[in-house]
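Scroll down for the structure; my scribbles are underneath it.
Number of protein chains: 2
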Amino acid sequence: MPAPPPEGGSPAQGGPTDHTLQITNQRGYGYHTQMNVSSKPERSRLSAEDWENAALHLIAEQGVGALAVEALARQLGVTKGSFYWHFRTRESLLNAALERWERYGEREIISQIEEIADPRERLPELFRRVAHELQSHRVYAALLKALDHPQVVPVMARVSQRRMEFLTTAFREAGLPPAQALNRARLTYAAYVGFLQLNFTLGLPRINHEEFDAYIEHMIATLIPG
Amino acid sequence: MPAPPPEGGSPAQGGPTDHTLQITNQRGYGYHTQMNVSSKPERSRLSAEDWENAALHLIAEQGVGALAVEALARQLGVTKGSFYWHFRTRESLLNAALERWERYGEREIISQIEEIADPRERLPELFRRVAHELQSHRVYAALLKALDHPQVVPVMARVSQRRMEFLTTAFREAGLPPAQALNRARLTYAAYVGFLQLNFTLGLPRINHEEFDAYIEHMIATLIPG
DNA sequence: CGTTTACCATACGGGTGAGTATGGATTGAC
DNA sequence: GTCAATCCATACTCACCCGTATGGTAAACG
Numbered sequence: 007m008p009a010p011p012p013e014g015g016s017p018a019q020g021g022p023t024d025h026t027l028q029i030t031n032q033r034g035y036g037y038h039t040q041m042n043v044s045s046k047p048e049r050s051r052l053s054a055e056d057w058e059n060a061a062l063h064l065i066a067e068q069g070v071g072a073l074a075v076e077a078l079a080r081q082l083g084v085t086k087g088s089f090y091w092h093f094r095t096r097e098s099l100l101n102a103a104l105e106r107w108e109r110y111g112e113r114e115i116i117s118q119i120e121e122i123a124d125p126r127e128r129l130p131e132l133f134r135r136v137a138h139e140l141q142s143h144r145v146y147a148a149l150l151k152a153l154d155h156p157q158v159v160p161v162m163a164r165v166s167q168r169r170m171e172f173l174t175t176a177f178r179e180a181g182l183p184p185a186q187a188l189n190r191a192r193l194t195y196a197a198y199v200g201f202l203q204l205n206f207t208l209g210l211p212r213i214n215h216e217e218f219d220a221y222i223e224h225m226i227a228t229l230i231p232g
Numbered sequence: 007m008p009a010p011p012p013e014g015g016s017p018a019q020g021g022p023t024d025h026t027l028q029i030t031n032q033r034g035y036g037y038h039t040q041m042n043v044s045s046k047p048e049r050s051r052l053s054a055e056d057w058e059n060a061a062l063h064l065i066a067e068q069g070v071g072a073l074a075v076e077a078l079a080r081q082l083g084v085t086k087g088s089f090y091w092h093f094r095t096r097e098s099l100l101n102a103a104l105e106r107w108e109r110y111g112e113r114e115i116i117s118q119i120e121e122i123a124d125p126r127e128r129l130p131e132l133f134r135r136v137a138h139e140l141q142s143h144r145v146y147a148a149l150l151k152a153l154d155h156p157q158v159v160p161v162m163a164r165v166s167q168r169r170m171e172f173l174t175t176a177f178r179e180a181g182l183p184p185a186q187a188l189n190r191a192r193l194t195y196a197a198y199v200g201f202l203q204l205n206f207t208l209g210l211p212r213i214n215h216e217e218f219d220a221y222i223e224h225m226i227a228t229l230i231p232g
């Protein structure tokens with residue numbers, strides 16, 4: 007068996023690679039490519055992280071169901087032979103991509119909000135920032151529609167649980183008694199999730215910018231005590 | 007070509023059949039079956055509506071992606087030969103099922119709510135009834151996760167639009183000025199949609215009955231003016 | 001009672017996508 | 001430069017599922 011070692015964790019591990027979960031272009035602009043301006047995408051060697059990023063990119067655009075290895079390979083300019091060197095199976099890619107997303111996609115906002123001194127200003131600031139960075143929540147919205155998939159359920163459970171706890175303490179710090187703070191967090195988070203669903207794939211709240219801002223302010227006035 | 011006539015609208019149309027969108031058992035307890043208690047499901051002839059109901063049943067349980075004709079046939083105790091007599095293609099079944107759901111699943115609640123005399127009592131009543139009949143919204147929750155499917159988008163757009171308008175007028179009748187009523191309706195509907203997502207497939211708000219009722223009352227107190 | 005019509009089974013063709021086998025090409029170590 | 005490790009291409013198998021073709025059976029009608 008001269009088969010290469012496509013282990014679960016993949017051979018490439020450790021090292022000072024840049025971990026910032028950039029789901030931008032297909033390839034991460036390789037290290038030393040020949041800088042050709044031809045139509046073909048730049049060629050270099052791929053790593054497992056490249057596949058994970060491409061997978062997250064595809065999930066954000068077309069959902070978990072569209073995650074096919076041959077489609078990904080075409081998009082990356084290679085064939086399946088490359089994929090099955092880095093990953094054992096399609097599920098392992100999904101797991102790795104989800105794990106990666108959970109790790110590096112968490113403290114985008116929460117850590118920034120926690121630095122705000124006045125607790126009463128945190129929630130309005132959180133609402134406004136989330137509303138103006140909806141694009142970064144496309145993976146979450148796509149995963150929300152794939153909750154029938156057994157692999158995404160635990161990830162989403164953990165992420166939603168953490169966000170819910172953050173919201174609950176924020177509402178407590180804003181002056182609500184504990185029981186009300188928990189329910190208000192549930193309501194707020196449900197409104198957030200529902201808005202993602204209704205806004206992305208369905209384009210239901212067909213509203214322009216200023217109307218959207220007015221909606222956000224209405225949310226703030228309705229949900230945040232003060 | 008001795009091929010039978012599987013037209014779009016299907017041959018069976020009109021007639022005093024019971025239209026109540028019952029997504030209960032696999033077969034609708036046929037007209038004159040032999041009432042056997044054997045393990046095999048009761049045998050009779052199937053109609054297009056039986057297939058549509060079974061399709062909605064399957065969609066509610068496993069999502070739109072799991073709607074396969076052979077799986078449905080197995081579940082109904084027949085083979086594909088039966089299906090392709092009633093329907094021309096798989097898409098036509100989906101369209102028929104969605105159309106059926108849109109028609110008969112609409113005025114379950116709205117018509118009942120409209121009969122309430124006092125407008126200020128309508129919204130709390132609506133909230134409580136919807137909260138205690140979540141099971142009938144499983145199809146809507148499943149369709150919500152299939153918004154990348156082109157066939158479900160127009161249906162969901164129409165249904166959501168109607169419900170949004172109903173909510174908007176209800177909030178106006180409850181005393182809110184028009185602009186605020188619209189935004190409050192958006193917020194309320196987003197909370198409804200998000201709760202469906204977080205509750206069904208993800209079991210996130212792991213709360214018992216009295217805690218759930220408390221949450222509903224919190225929603226009423228927070229979102230409904232007065 | 002026989003014939004037509006409605007409904008279903010069986011068997012097949014075709015397309016898609018996951019996973020495997022294996023050899024070739026590229027890179028880095030020495 | 002050589003050799004081994006790493007990465008990728010090609011070709012294949014297998015399973016699943018849509019749709020078709022066609023013959024069979026039970027119900028409806030005369």
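If you're matching them up, the sequences are chains U and C in order. Position one of the first sequence corresponds to residue 7 (our numbering), numbered consecutively onward. Position one of the second sequence corresponds to residue 7 (our numbering), numbered consecutively onward. In this text, a Cβ means the ideal position worked out from N, Cα and C, and glycines have one as well. Note that this is a predicted model, so its numbers are computed, not measured.
In the three-state reduction of the DSSP assignment, Ile-116 of chain U falls in the helix class, which pools H, G and I. Linking His-155 of chain U to Arg-169 of chain C through their CA atoms gives a straight-line distance of about 29 Å. Put simply, the CB of Asp-219 of chain U is far from chain C, with every gap to its CB atoms at 7 Å or more. Only exposed fits Gln-141 of chain U, as fewer than 16 other CB atoms lie within 10 angstroms of its CB.
Identification of residues in the region 187 to 204 of chain C having a C-beta nearer than 9 Å to some C-beta of chain U yields Leu-188, Asn-189, Arg-190, Arg-192, Leu-193, Thr-194, Tyr-195, Ala-196, Ala-197, Tyr-198, Val-199, Gly-200, Phe-201, Leu-202, Gln-203 and Leu-204, given in sequence order.
Look at the region 69 to 81 of chain C: the residues with a C-beta under 9 Å from a C-beta of chain U are Gly-69, Gly-71 and Ala-72.
Contact with chain C is found for Thr-207 of chain U, since one of that chain's Cβ atoms lies less than 7 Å from the residue's Cβ.
Gln-118 of chain U and Thr-174 of chain U have their C-alpha atoms some 17 Å from each other. His-63 of chain C and Leu-52 of chain C have their C-alpha atoms some 16 Å from each other. The alpha helix (DSSP H) runs lying completely inside the region 118 to 168 of chain U and spanning 4 residues or more are 125 to 138 and 144 to 150, given in chain order.
Here Ser-53 of chain C carries a coil assignment [DSSP, helix/strand/coil].
Here Ala-102 of chain U really is in contact with Glu-58 of chain U; their C-beta atoms are around 5 Å apart, less than 8 Å.
Straight-line spacing of the CA atoms in Phe-206 of chain C and Ile-226 of chain C works out to 21 Å. Cβ proximity to chain U below 8 Å picks out Asp-154, Val-159, Met-162, Ala-163, Ser-166, Gln-167 and Met-170 from the region 154 to 173 of chain C. If you draw a straight line from the Cα of Tyr-221 of chain C to the Cα of Phe-172 of chain U, it is about 18 Å long. Put simply, the backbone Cα of Arg-144 of chain U is about 26 Å away from that of Leu-188 of chain U. For Gly-181 of chain U and Val-165 of chain U, the gap between their C-alpha atoms comes out near 25 Å. A straight line joining the alpha-carbon of Leu-208 of chain U with that of Leu-153 of chain C spans about 6 Å. The distance from the Cβ of Val-199 of chain U to that of Leu-204 of chain C is about 6 Å, consistent with a contact at the 8 Å cut-off. Setting aside the 5 residues that flank it on each side, Val-161 of chain U is surrounded in the same chain by Leu-104 and Glu-108, each with a C-beta closer than 6 Å to its C-beta; the list follows chain order. The shortest CA-to-CA distance from Leu-202 of chain U to any of C:Leu-150, C:Gln-157, C:Glu-120 and C:His-215 is the one to C:Leu-150. Using a CB distance cut-off of 7 Å, Leu-150 of chain C counts as an interface residue toward chain U.
In this chain, Thr-207 of chain C is not harboured by any alpha helix (DSSP H), its DSSP state being neither H nor E. Contact check for Ala-61 of chain C against Leu-73 of chain C passes: the beta carbons are separated by less than 7 Å. Taking all protein chains shown into account, Arg-135 of chain C has fewer than 16 neighbouring C-beta atoms within 10 Å of its C-beta and is therefore exposed. Not one beta carbon of chain C lies nearer than 7 Å to the beta carbon of His-215 of chain U. The beta carbons of Ala-77 of chain C and Lys-86 of chain C sit no closer together than 7 Å. A residue is called buried when at least 16 other Cβ atoms come within 10 angstroms of its Cβ; Tyr-110 of chain C does not meet this threshold and is exposed.
Taking 7 Å as the CB threshold, His-224 of chain C lines the interface with chain U. Here Asp-56 of chain C is buried, its C-beta having at least 16 other C-beta atoms within 10 Å. Apart from sequence neighbours up to five positions away, the residues of its chain that approach Ala-66 of chain C with a beta-carbon distance below 6 Å are Arg-144, Val-145 and Ala-148, ordered along the chain.
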